[in-house]
Amino acid sequence: MSETMTENMKYWRSVQYQEWTNEYKALIKDEFQAGDSEFTSLQRRDMLKLMGASFALAGLGAGCRRPVDKIMPYSKAPEGTIPGIPKYFATTRPSVLGAMGLVVETHEGRPTKIEGNELHPASLGAASIHDQAAVLELYDPDRSKVPTKPFEDGRIPGTWDEWDAFASDHFNGLVKKQGDGFAFVFGGEESKTLERLQKEILLKYPKAVFYTHNPILPKNSREGAEKAFGAGSRVLYRFEKAKVILSVQADPLMNGAQALVNARGFAAARKIYKAEEASGMNRLYAVEAGYSLTGTNADHRLPLAASQTPDFLKALAHELLPEKFAAVNFSNMRFLKALAKDLSKNKGQALIVMGENQVSELHALVHCLNHALDGQGKVFEVAAAPAVQTKNMADLVVALNKNQVQTLVMMGVNPVYSTPESLGFKDALRKAKILIHMGLYEDESAQNAHWHLPVSHFLESWGDAKAFDGTASLIQPMIAPLHNTRSDLEILAQIAQLDSRKGLDLVKASWAGINFEQALHDGVIPNTAYAVSSKTPVLPSLSASKSSSNIEILFNLDNKTLDGRYANLSWMQELADPVTKLTWGNAILVSQALSKELGINSRVTTRIYEADVVSVTLGSQSIEAPAFIMPGLADKSVVVSLGYGRENSGIIGNGVGVNFFKIMPADFALTAQGVQIVKTGKIEKLASTQEQFAMNADAIQEVSVLSLDNRDPAKLRTAQEFAAGAKIEKHPLEQLTDAWKYTGNKWGMVIDLSSCTGCNACVTACQSENNIPVVGKDQVMRSRALQWIRVDRYFTGDVSNPQSIAQPVPCMHCENAPCEPVCPVAATVHDTEGLNTMIYNRCVGTRYCGNNCPYKVRRFNYLDYSNSGNIYINPLDKERNTLLQMQKNPDVTIRYRGVMEKCTYCTQRVQEAKIAAKRDQTDSNHLPDGAVTPACAQTCPTKAITFGNLNDDQSRVSILKNSERNYNLLEELNTRPRTSYLAKLRNPNLELA
Amino acid sequence: MAQIFPKWTNKVPKIAILSLVSAITGIVFVFWYWFSPYNLEVGYQPIQPVPYSHKIHAGNLGMDCRYCHTGVEKSAVAGVPPTQTCMNCHSMIKTSSPKLEMVRDSYKSDLPIPWVRVHKVPDYAYFDHSAHIAASVGCVSCHGRIDQMTEVRIEKPLSMGWCLDCHRNPEPHLRPLDKITDMEWVADENWKTVAKAKAKTLHPPVESCSGCHR
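As they're listed, the protein sequences go chains A and B.
Oh and the first sequence: position 12 is 12 in this note's numbering, straight run, nothing missing.
To convert a position in the second sequence, counted from 1, into this note's numbering, add 993.
Okay, here's the thing in structure tokens:
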């Protein structure tokens, strides 16, 4: 095993892994290490003393009979309700990027799980991590619950009656002044009812001004599209039709309105099962300074500083359209020429996607190139959206400083946190006389306001929202407001002094003439998408580019908390970032070359990441942050993610990470030159999971990579050569004993590494379906995170520019499961359909099974995480849990301290499907294909996970298991896993190989 | 020299052994009998907030179980009826009975009647009514003669061993689908051959833990 490994590993998880030192080998050898079972601060002996006392006391209060349990039936049952049967409703999650259509599972009126809506163009049945975490946001105990009113210098809890009295008085006064000095800050979400209410407000207050603030608004992309195609135009991508895709400083598979759709389209062309299909495979190039999720999926990746990107694009433009663009010298002409050749060879199927951190002129240039590549109407479309003129935060600061704003309403935004320090918004805000903040939380902006109005969550209110392509859909409440809140539309209607202020009436008034019931049922309103325009792009005037050799800084929206709005969602905090594998915080990412230059020596020690703290200075602003060494970055680029360092987000998000908004340039530019980084000598511990649950070195070899040239039909391989070329190692071992015969259903799973982008949606789906608690930063650093799926990220190649592979690892449900024979109490045994089941009520917590699992997929409840309010701070604080427990899935057991748990193949869904078959008097032992879908497979945007019956030759999973690409993880151990993988396919350009 | 131990001490070893044996037997018996669900579960008969009598409704009046327990064929839980179901009749019958005070209050105030749960399996056991009804198991098999109970009590131990007795040999507990709620139905010879064939098609989970534990 490890002794046979070479000096440098082919696949590695971190820089240290690559070095493969003896110290490191000892580190990853055992799943449980010395001290792993120590309590947070208590030692074992203290614990035993406590236990003795608890036992003695427990005897006093307990009786023999069980406690009295109440059944609370409805007084008048809602129509069609059968207790015990969940209901599914379509609704929409509004977002400035474009709304997402959702289907929400509710149990007796409690929303518990969010899935995508197949009929909605932005979802297609998938849901992102943020969509799914919305259900946790609904039940967040830190949400604001009552309005607060001004009192002396601060605010105190008030009532809606007090607000109503204030509002009628204050807004009547403003009506008389025609709204002079009245301003609003909106988040920029697009909704017909919201637009209608804004018009109503302008009728009442003609002088009122609307400003937009939203750090996640793709400003440069929208401006670029407008510069190329005219006002209101937006560019929509069709990844499924593209054969060559170039992503420039962009992350189209993870971020943006179309992320799920792009991922679906991209992966569709990478599901190659036979040699004949290989010619349909697409190729992805990524040119980027940071390492994005798209970069991890690229066939060729070029690290390139953001400041050198204009030159790169101009040089590319010259290669593609030599008659229009002058030659520009670029550092890597070999890459550029091969790329340009590949793009122009695939006219009509080539697509260039541009990132938000480049100026709008370059976006327009890319649209011109895409048009020249004959892509319009094929790989991209131009949608004619209505042109919107909005004022931004800089305008608002000017107006505030000129004392032009007396009353300011901030709706659903948090500008005090999410504006750069140098903009001076917080100081300017003091010039306004009445500040009204509406939001889910009493956040940083609410702290600076006079009135804070708690608004209802979108799962509690009526509304409507537009998707990226203009498709409108309705938002319907799943539950009555949990707290004393009003919906934002209702508050706006009050400000507009409308007679009808009920949410449903407001929405119905906007959508007169449609089949409202049908639109609610489907989750989309038909024929509302933007018209496709056939305008041709106009070439922008390009400014001369300034290349610089200084260190540049890139500000990215965090993959999990975005601009900080999801900072209080523990599911997001504990999710490992798909690229850095960081949980509970952010860091400044530096390349290995730069770290050597700056003397930064951050590294993995035991299970945590000890990072050197550096001070980062940009202009006049300075901040201290831990430095994380990230392979594959452009040498002189450092990358930070926004969305951390919140001060008033709630218990979960407060003080986690560093707020990089503070040093951002005042114009919200996502890149800046001349950043100074100095080592401070301090050390900070980061909860990076990159070295946790590392499998033995041999496991990594199994992540096989194929290369095939699909451009030359003469070079297409036969099936046998395909398999041979795959270099998939097969270890057929003989079974010495008779294998168990599975006569009925025989469940199995296939994960296609070629389609998996590593987006983490499956992890969040599993977490919400299976009641998996969150453990907190301290516990993650002890390798105690409980998520049942871990997405391993491997690198291969040189540290300066490695390729990356994501591999989701759930329980393998081995037929020869190593965990089963070592359990002294038979708490983990096989069932008759081949599921390796975990019987929680038998488990006594020896952890022998976890120790014996070669895949390291078993998770142990060291402490009572389930009842500690989604973060392990104080186990006695049960208060938080009263709200959070409403999210729990009633079909899955809540695990208590001392119990082992792991992926169950969503056994509750298997059982439900079998019971449904019994109910219908059909054969529950031979369920039809598709009758059971685990939560991970259901939500996967790329449909990389397939589950089904292996005894059915025609099931999708059986067909995939027969693919040449199919392989078992650690097959040589003869565990006979039911979950297998399809080897990762790469499609390299031979000219660059 | 006098004897150190008097004569009666000869009996001490015998008494010690005897009392030890009886103590062990006693402890085993206490756990085996009093701590078993046959003692702890069977006979549990809590006082309900409303003195509802199954004997009157299901026995004397002959109402079908499914008039109130509507979910039993479709859902895991049979369902305790909403107050509305009571008021279907009691808005016309016994409209001023003091025993129905709480029912009328609940109907007016929209607040539930806090019934006390009688039959309960642990949270980690997922019993499903609909699966058992579909498999031709009648109500009486687990709940006993509800139609003779004024206040509902537990008749069967509801323990895992008791569940498995039937899962291993379901045949004696099967009945025609139209007799599911019939408390007095008895199998004839003809049905016994049908039940034998039917039992083979059921596949109840026996050694498959995931059938009941999730």
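Note that beta-carbon positions come from the ideal geometry of N, C-alpha and C, so glycine has one too.
Computed from a prediction, not measured in an experiment: that's the story for all the values here.
Would you mind telling me which residues of chain B sit closer than 7 Å to residue i, beta carbon to beta carbon, in chain order?
i, result
"A/Val68", "Pro1039, Val1109"
"A/Ile85", "Lys1067, Ser1068"
"A/Met72", "Pro1105, Pro1107"
My output table needs one value for residue i: the three-state DSSP class, helix, strand or coil.
i, result
"A/Ser641", "strand"
"A/Val844", "coil"
"A/Trp163", "helix"
"A/Ser1055", "This structure cannot speak to residue 1055 of chain A, because chain A is shown only from 1 to 993."
"A/Arg565", "coil"
"A/Arg909", "helix"
"A/Arg283", "strand"
"B/Arg1146", "coil"
"B/Gln1041", "coil"
"A/Met411", "strand"
"B/Pro1198", "coil"
"A/Asp752", "strand"
"A/Asp831", "coil"
"A/Thr617", "strand"
"B/Ala1188", "helix"
"A/Ser233", "strand"
"A/Lys466", "strand"
"A/Trp740", "coil"
What does residue i touch in chain B if you count any residue whose Cβ is under 8 Å from its own?
i, result
"A/Lys76", "Pro1075, Thr1076, Gln1077, Tyr1100, Asp1103"
"A/Gln178", "Neighbours of A/Gln178 on chain B: none; closest Cβ ~46 Å, over 8 Å."
For residue i, I'd like the list of residues in its chain whose CB is within less than 7 Å of its CB, leaving aside the five on either flank, ordered along the chain.
i, result
"A/Leu321", "Ala372"
"B/Met1095", "Pro1042, Val1043, Ile1106"
"A/Asp923", "Ala917"
"A/Glu319", "Leu336, Lys337, Ala340"
"A/Pro818", "Asn852, Cys853, Pro854, Thr975"
"A/Arg847", "Phe32, Phe860, Met900"
Please list, in chain order, all residues of the same chain as residue i whose beta carbon is under 8 Å from its beta carbon, the five residues on each side excluded.
i, result
"A/Asn949", "Asn745, Lys746, Trp747, Gly748, His926, Leu927, Asp929, Ser955, Val957, Ser958"
"A/Ala385", "Gly232, Ser233, Arg234, Gly470, Tyr530"
Going by beta carbon distance, what residues of the same chain come within less than 6 Å of residue i, once the five residues before and after it are set aside?
i, result
"A/His437", "Met410, Ser445, Ala446, Ala449, His452"
"A/Arg155", "Thr148"
"A/Asn770", "Val892"
For a contact defined as C-beta to C-beta under 7 Å, what are the partners of residue i on chain A?
i, result
"B/Tyr1031", "The contacting residues do not exist; B/Tyr1031 stays about 14 Å from chain A at best."
Check the Cβ-Cβ distances between residue i and every residue of chain D, and say whether any is below 8 Å.
i, result
"A/Thr907", "No chain D appears in the structure shown, which is made up of the protein chains A and B."
Going along chain A, which residues have a C-beta under 8 Å from residue i?
i, result
"B/His1206", "Thr837, Ile839, Tyr840, Asn841, Thr893"
"B/Asp1116", "Thr893, Ile894"
"B/Gly1064", "Ile82, Pro83, Gly84, Ile85"
Please list the partners that residue i has in chain B, where partner means a Cβ-to-Cβ separation under 9 Å.
i, result
"A/Ile915", "Ala1069, Asp1121, Ser1123, Ala1124, Ala1127"
Can you pull the chain A neighbours of residue i, defined as C-beta to C-beta under 9 Å?
i, result
"B/Asp1158", "Here the premise fails: no neighbours, minimum Cβ distance about 19 Å."
key: Residues in the region 823-841 of chain A having any Cβ partner in chain B nearer than 8 Å   = Flagged, chain order: Val829, Asp831, Thr832, Glu833, Leu835, Thr837, Ile839, Tyr840, Asn841.
ask   = Going along the chain, which residues of the region 880-894 of chain A sit with their C-beta nearer than 7 Å to a C-beta in chain B?
value = Using a CB distance below 7 Å, the part of the region 880-894 of chain A facing chain B consists of Asp891, Val892, Thr893, ordered along the chain.
message = At 4 residues or longer, what runs of the alpha helix (DSSP H) sit wholly inside the region 925-969 of chain A?
response = If only uninterrupted alpha helix (DSSP H) runs of at least 4 residues are considered, those enclosed by the region 925-969 of chain A are 935-939, 956-961.
ask   = Quick one, which residues of the region 917-946 of chain A are near chain B if we go by CB-CB under 7 Å, in chain order?
value = Residues of the region 917-946 of chain A that bring their beta carbon within less than 7 Å of a beta carbon in chain B comprise Lys918, Arg919, Gln921, Ser924, Asn925, in sequence order.
query = For the region 1127-1152 of chain B, which residues have a beta carbon sitting closer than 9 Å to at least one beta carbon of chain A?
reply = Of all residues in the region 1127-1152 of chain B, the ones placed with a Cβ closer than 9 Å to any Cβ belonging to chain A are Ala1127, Ala1128, in chain order.
message = So if I threshold CB-CB distances at 9 Å, which residues from the region 1191-1204 of chain B count as touching chain A?
response = Per Cβ criterion, the list reads Thr1194, Leu1195, His1196, Pro1198, Val1199, Glu1200, Ser1201, Cys1202, Ser1203, Gly1204.
ask   = Curious, which full-length beta strand (DSSP E) runs of at least 3 residues does the region 653-684 of chain A contain?
value = Fully enclosed beta strand (DSSP E) runs of 3 or longer: 671-673.
ask   = In chain order, what residues of the region 757-769 of chain A put their CB closer than 9 Å to some CB of chain B?
value = Residues passing the 9 Å Cβ filter: none.
query = Which residues, in order along the region 80-110 of chain A, keep a beta-carbon less than 7 Å from a beta-carbon of chain B?
reply = Among the residues of the region 80-110 of chain A, those with a Cβ less than 7 Å away from any Cβ of chain B are Ile82, Pro83, Gly84, Ile85, in the order of the chain.
key: Runs of beta strand (DSSP E) lying entirely within the region 67-134 of chain A, each at least 3 residues, in chain order   = If we require 3 residues or more, the beta strand (DSSP E) runs fully inside the region 67-134 of chain A come out as 87-93, 100-107, 110-116.
task = May I ask you to list, following chain order, the residues of the region 1170-1183 of chain B that have a beta carbon less than 7 Å from some beta carbon of chain A?
result = The region 1170-1183 of chain B vs chain A, Cβ under 7 Å: nothing.
message = Output needed in chain order: residues of the region 1002-1034 of chain B with a Cβ under 7 Å from some Cβ in chain A.
response = Contact residues of the region 1002-1034 of chain B toward chain A are Leu1033 (C-beta to C-beta distance below 7 Å).
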